[in-house]
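In what follows, a structure is listed as structure tokens, so that the remarks can point back to it.
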């Protein structure tokens, strides 16, 4: 009985962490789907989302729940701005050029974070509602562990509805396959790209808030590792594929938690797990679990 | 209705078009014929704003279209069926048609037009929930035409609609073009199948290495000796 409840506790933790990776990975995969670009600044957008929430809760009279909605929206607009400043002027250049711009944008945001927010870690103001422990059959679990997957699943349902049922979602899918024909449909490519960045950044900020509620230490470099791991999740699932990103996120989250739980001697290699997984996937199935075989269009 | 004046297009250092003049009147089928690389597709692509024009003008009902982005050209009622069909393979037949009507917001008229595309192409109706990638080449071409019709175009431009299709399907495609003419569409047709194109066209232009070398009513060009030798395979 004890073993089962401990396993369940690890399972919920793994699912919880996995859904965070999934939320961030979606942003990577959506942007890649449209622009064939790895947006390396995405992890730092996640960090901005957490800090905006922090400042909103601490320094404005707004109730925390309103800040939890406004900050992601604002982060979404920062995502749009990032694309306009760092990527749009380079559209049509070699992919490596834009990739380097993405790395530059990442460094810029991190260092701006240090200058503006300060390098000293801060404590995320976790609302009482999200942060209390409940007992379930002898297992103590923090409610946030349940809230994280619940919120993530709701957002995923919304996203699925958006991409399959709305005209803009259809346009996004069309654009990810064939730019030129999409423009022949009268699709405003710039608008769709902006919407893509908005949604990816919005989801990253929600992920950031949930992350902060669970690991309440804020630092300007806090986006780097979750960003990198979520990128790996997107690649493992098959970059460009939203379902794949979610699956990759869960594999990564569960794997990481289970590794630490059942092989405590390897717990120092916690972060290495993601990279080992990446290497294995790249060797065995480079297009990712859900990825299509890439065929270059002639 | 549509006027192209002194159109020039360069790709990098290569000149694709050197001064094309076209006039397309309402309810006409106008065709552009010519060999591979003569600039037929480039002409259509330049009109649609898909490639940059290095010189020249495009006028539509007197309005200057020269520097309009593609989406606005489509919104004003010029649609193009691209070469190689280019249907969205991962989307269903119906989703492809819905995207064709992207610039429109009149839900009722859109639903009506989807119905009328299905009436014209019953095969598409049978397969409306199938992914477009699973269709045969001929069906994909029907879908590409249907999708362009969803723009509710005043002018429909077709780039090699018969390319890669079996002879029987080629006949179908030209039947469709005839139906569209009867419905009052204006069509600019680019074709390698010169004989079929000239037979159907009210007016035709012959392109060679980026320049117009001949023009006239389709029937007249069919009789023209130079056209017969170069494009119709008639030996003297």
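Chains as they are written, first to last, in our numbering: chain A, 2 to 299; chain B, 6 to 241.
Built from N, CA and C at the ideal position, the CB exists for glycine as well.
query	result
From this set, B/132, B/155, B/156, B/157, which residue's C-alpha is nearest residue 145 of chain B's C-alpha?	B/132
Are the C-beta atoms of residue 91 of chain B and some chain A residue less than 8 Å apart?	yes
Ordered along the chain, which non-local residues of its own chain (more than five positions away) have a Cβ less than 6 Å from that of residue 34 of chain A?	177, 241
Any beta-carbon of chain A closer than 8 Å to the one on residue 238 of chain B?	no
Where are the beta strand (DSSP E) runs, 3 residues long or more, that stay fully inside the stretch 159–211 of chain B, in chain order?	160–164, 191–196
My output table needs one value for residue 239 of chain B: the three-state DSSP class, helix, strand or coil.	coil
Could you tell me whether any Cβ in chain B is nearer than 8 Å to the Cβ of residue 291 of chain A?	no
Starting from residue 22 of chain B, trace the beta strand (DSSP E) in both directions and tell me its first and last residue.	19–29
In angstroms with no decimal places, state the Cα-to-Cα distance between residue 147 of chain B and residue 238 of chain A.	35 Å
Nearest by alpha-carbon distance to residue 1 of chain A: which of A/22, A/245, A/269, A/204 is it?	With chain A covering 2 to 299 only, the question about residue 1 of chain A has no answer from this structure.
Pick helix, strand or coil for residue 234 of chain A, following the three-state DSSP scheme.	helix
Interface residues of chain B around residue 34 of chain A at Cβ under 9 Å?	Here the premise fails: no neighbours, minimum Cβ distance about 11 Å.
Report the residue ranges of all beta strand (DSSP E) runs contained in full by the stretch 84–139 of chain A; include only those spanning at least 3 residues, in chain order.	134–137
Within 10 angstroms of its Cβ, does residue 281 of chain A collect 16 or more other Cβ (buried), or is it exposed?	exposed
Should residue 95 of chain B be flagged as near chain A, meaning a C-beta pair shorter than 8 Å?	yes
From residue 110 of chain B to residue 126 of chain B, what does the alpha carbon distance come to, in whole angstroms?	23 Å
Judging by CA-CA distance, which residue of B/29, B/17, B/11 is the nearest neighbour of residue 23 of chain B?	B/11
Whose C-beta lies closer than 6 Å to the C-beta of residue 29 of chain A among residues of the same chain, with five residues either side of it excluded?	43, 232, 235
Compare the C-alpha of residue 46 of chain B against each of B/104, B/215, B/226, B/224 and name the closest.	B/215
For the candidate residues B/9, B/35, B/14, B/19, whose alpha-carbon lies nearest to that of residue 190 of chain B?	B/35
Considering just the uninterrupted stretch of the beta strand (DSSP E) at residue 11 of chain B, what are its terminal residues?	7–16
Compute the beta-carbon to beta-carbon distance between residue 163 of chain A and residue 81 of chain A, rounded to the nearest angstrom, for a pair I have assumed lies under 8 Å.	Contact doesn't hold; Cβ gap of about 17 Å is too wide.
Using the Cβ count rule (16 or more neighbours within 10 Å means buried), how would you classify residue 8 of chain A?	exposed
To the nearest angstrom, how far is the alpha carbon of residue 140 of chain B from that of residue 286 of chain A?	28 Å
Determine whether the Cβ of residue 107 of chain B lies closer than 8 Å to any Cβ atom of chain A.	yes
Classify residue 250 of chain B as buried or exposed, calling it buried when 16 or more other Cβ atoms lie within 10 Å of its own Cβ.	Because residue 250 of chain B is not part of the residues shown, which for chain B are 6 to 241, the question remains open.
Which bits of chain A does residue 172 of chain B rub up against, with CB to CB less than 9 Å?	Those within 9 Å of residue 172 of chain B in chain A number zero; the least Cβ separation is about 25 Å.
Quick check on this structure: which residue in A/158, A/195, A/150 has the alpha carbon closest to the alpha carbon of residue 172 of chain A?	A/195
With the cut-off set at 8 Å, would you say residue 261 of chain B and residue 97 of chain B are in Cβ contact?	Outside the shown range of chain B, which is 6 to 241, sits residue 261 of chain B, and nothing can be said about it.
What number of angstroms, rounded off, separates the C-alpha of residue 167 of chain A from the C-alpha of residue 64 of chain B?	34 Å
Do the stretch 82–92 of chain A and the stretch 4–20 of chain A make contact, defined as three or more Cβ pairs closer than 8 Å?	no
Got a sec: which bits of the stretch 163–174 of chain A sit with their beta carbon under 8 Å from any beta carbon on chain B, in order along the chain?	168, 171, 172, 174
Are the C-beta of residue 178 of chain A and some C-beta of chain B separated by less than 8 Å?	yes
Need the endpoints of the alpha helix (DSSP H) that residue 65 of chain B sits in, please.	First-last for residue 65 of chain B: 60–65, but that is the beta strand (DSSP E), not the alpha helix (DSSP H).
Okay, do the stretch 103–116 of chain A and the stretch 44–55 of chain A touch, 3+ Cβ pairs below 8 Å being the bar?	yes
Cβ of residue 97 of chain A less than 8 Å from any chain B Cβ?	no
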